[in-house]
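Visitor:
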Amino acid sequence: MQNRSPIKVIIDTDPGADDALAILLALASPELDVVGVTTVCGNVPVGQATKNLLRILNLVKTPPGLLVGQGAARPLEEDLVTAFQVHGSDGLGELDRVLTAAGAPRYPSARLPSILPTAQEVWNDCVRRYAEDVTLITLGPLTNLALGLKVNPLTVQKFHSVIAMGGAIGVPGNIAPAAEFNIYVDPHAAHRVFQASLPLTLVPLDVTTRVGVTRDLLATWADSSCDPISRVLTDLTGKAFGFAEDVEGHGTFYFHDPLAVLTAIEPSLMTMEFLHVSVEMSGQVSRGITIADRRLRKPEQKAAPNMRVAVDVNVDRALHLLRNRLCP
Ligand code: RIB
Ligand code: CA
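So in my numbering, spot 193 of the sequence shown is number 193, and the numbers just go up one at a time.
Structure representation (structure tokens):
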């Protein structure tokens, strides 16, 4: 890793098992200084997302002054579609099932504080403190970012970079034949974000479905780690593996959200392409599809690129880094 001062990051998340791993990865990585974490509806309703976030943060030592805020409870126009079928009834693999030898909950659940800042307030505070040195990493639907563009534009436009896990450019979708979950849940938010001329990097299924592990391999990682926290990886992912085995049939847990965090940690892992990407906002079969304009045309003959897209990834290096950081 090149020597540079840590990148200040805000993580916007809908935990979610892979979100949890991404948050643990970010907190374990010296290249990043996590200054804020905000929740958004997605895998689970936003209140559950915030409880899950606090439960994850309670597992590790968090940076002093880390700001936590709660964001949007519903997409801009659509009804919320959740992913309990993938992440379990609590969104974290049903952690209440996991007990210590003494029969106590291994991962005590967290209570929502009576007063909680909003996501926009956390973003304002972070930009007020760190000006234009803040990178936003989104791991869920883009609802908070779309709302920020409308109600908080001076803050959002100060973000140094925005890295978003989402989309499917040249590969099938997951929640629908051609749509990736984060974009599908709030396609109107994605459209606003894609049109906003932000310094946006998209980390789509094209690369995240190249970086995965089987249940046995992840258990090997966790068992061989000297850090007791590593076992949470297997406790968090049991339901997701069940879905991958029983529904998808491939049995692989994909590191979707951790790959967005890895893009901030080590951008050279990714091969990037500047593309113009559009999103279909409504349609029986096309809602949430992300279309890149890759026609061979002179630049002036088609829409200018509106983002960088990670189109390839160094799989071995990514897996090596994930294992080293999550299971030291
Ligand atoms: O499609 C994968 C994405 O949707 C991940 O962010 C996962 O957590 C879900 O939010
Ligand atoms: Ca997520």
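Heads up, the beta-carbon is just placed ideally off N, CA and C, and yes, glycines get one too.
With Thr39 and Gly71 assumed to form a contact (beta carbons below 8 Å), what rounded beta-carbon distance in angstroms separates them?
Guide: Within the sequence shown, residue 39 is the residue found at index 39, counting from 1. Within the sequence shown, residue 71 is the residue found at index 71, counting from 1. Yes, Thr39 and Gly71 are in contact; Cβ-Cβ is about 6 Å, under 8 Å.
Visitor: From Met1 to Gln284, what does the alpha carbon distance come to, in whole angstroms?
Guide: Position 1 of the sequence shown holds residue 1. Position 284 of the sequence shown holds residue 284. At Met1 the pLDDT is 49, less than 50, meaning the model places this residue with poor confidence and gives no usable figure here.
Visitor: Please look up how many angstroms separate the CB atoms of Gly36 and Leu57, rounded, as I've assumed it's under 8 Å.
Guide: For the purposes of this step, residue 36 is taken as residue 36 along the sequence shown, with counting starting at 1. For the purposes of this step, residue 57 is taken as residue 57 along the sequence shown, with counting starting at 1. 12 Å between Cβ atoms; not a contact.
Visitor: Using only the alpha-carbon positions, how far apart do Thr271 and Ile265 sit?
Guide: Within the sequence shown, residue 271 is the residue found at index 271, counting from 1. Within the sequence shown, residue 265 is the residue found at index 265, counting from 1. Rounded to whole angstroms, Thr271 to Ile265 spans 14 Å at the Cα level.
Visitor: When DSSP labels each residue in this structure, what does Lys8 get in the three-state scheme?
Guide: Mapped onto the sequence shown, residue 8 falls at position 8. Strand at Lys8.
Visitor: On the DSSP letters alone, give me the boundaries of the alpha helix (DSSP H) that Arg215 sits inside.
Guide: The residue labelled residue 215 in the question sits at position 215 within the sequence shown. 215-223 is the span of the alpha helix (DSSP H), which, as asked, contains Arg215.
Visitor: Between Ser29 and Ile23, what straight-line distance do the alpha-carbon atoms span, to the nearest angstrom?
Guide: Position 29 of the sequence shown, counted from the start, is the residue given in the question as residue 29. Position 23 of the sequence shown, counted from the start, is the residue given in the question as residue 23. Each residue's Cα considered, the two are about 10 Å apart.
Visitor: Tell me whether Phe181, by its Cβ, gets closer than 7 Å to a heavy atom of ligand 1.
Guide: One-based indexing of the sequence shown puts residue 181 at position 181. Yes, since a heavy atom of ligand 1 falls inside the 7 Å radius drawn around the Cβ of Phe181.
Visitor: Tell me the residue span of the alpha helix (DSSP H) that contains Val151.
Guide: Position 151 of the sequence shown holds residue 151. Unbroken alpha helix (DSSP H) run through Val151: 143-151.
Visitor: Closer than 8 Å by C-beta to Pro199: which residues in its own chain qualify, once you throw out the five before and the five after it? Chain order, please.
Guide: On the sequence shown, residue 199 is found 199 positions in, with the first residue counted as 1. If we look at Pro199 and ignore the five residues flanking it on each side, its Cβ neighbours are Phe159, His160, Ser161, Val162.
Visitor: Report the residue ranges of all alpha helix (DSSP H) runs contained in full by the region 23-70; include only those spanning at least 4 residues, in chain order.
Guide: Taking only runs of at least 4 residues, the alpha helix (DSSP H) segments lying wholly in the region 23-70 are 46-57.
Visitor: To the nearest angstrom, report how far apart Leu319 and Ala222 are at their CA atoms.
Guide: Your numbering for residue 319 matches position 319 in the sequence shown. Your numbering for residue 222 matches position 222 in the sequence shown. Going from the Cα of Leu319 to the Cα of Ala222 covers about 14 Å.
Visitor: Which two residues bound the contiguous beta strand (DSSP E) that contains Phe274?
Guide: Position 274 of the sequence shown, counting from 1, holds the residue named residue 274. From DSSP, the beta strand (DSSP E) with Phe274 extends over 270-275.
Visitor: Grab me the residues of Ala49's own chain with a C-beta within less than 6 Å of its C-beta, minus the 5 sequence neighbours each way, in chain order.
Guide: As a first step, residue 49 is located in the sequence shown; it is residue number 49 there, counting from the start. Only Asp14, Pro15, Thr39 meet the Cβ criterion.
Visitor: Given a cut-off of 8 Å, decide if Gly42 and Val193 are closer than it, judged by their beta-carbon atoms.
Guide: In the sequence shown, counting from the first residue as 1, residue 193 sits at position 193. In the sequence shown, counting from the first residue as 1, residue 42 sits at position 42. No.
Visitor: Can you determine whether any heavy atom of ligand 3 sits closer than 7 Å to the C-beta of Val247, and answer yes or no?
Guide: Ligand 3 is absent from the structure shown, which contains only ligand 1 and ligand 2.
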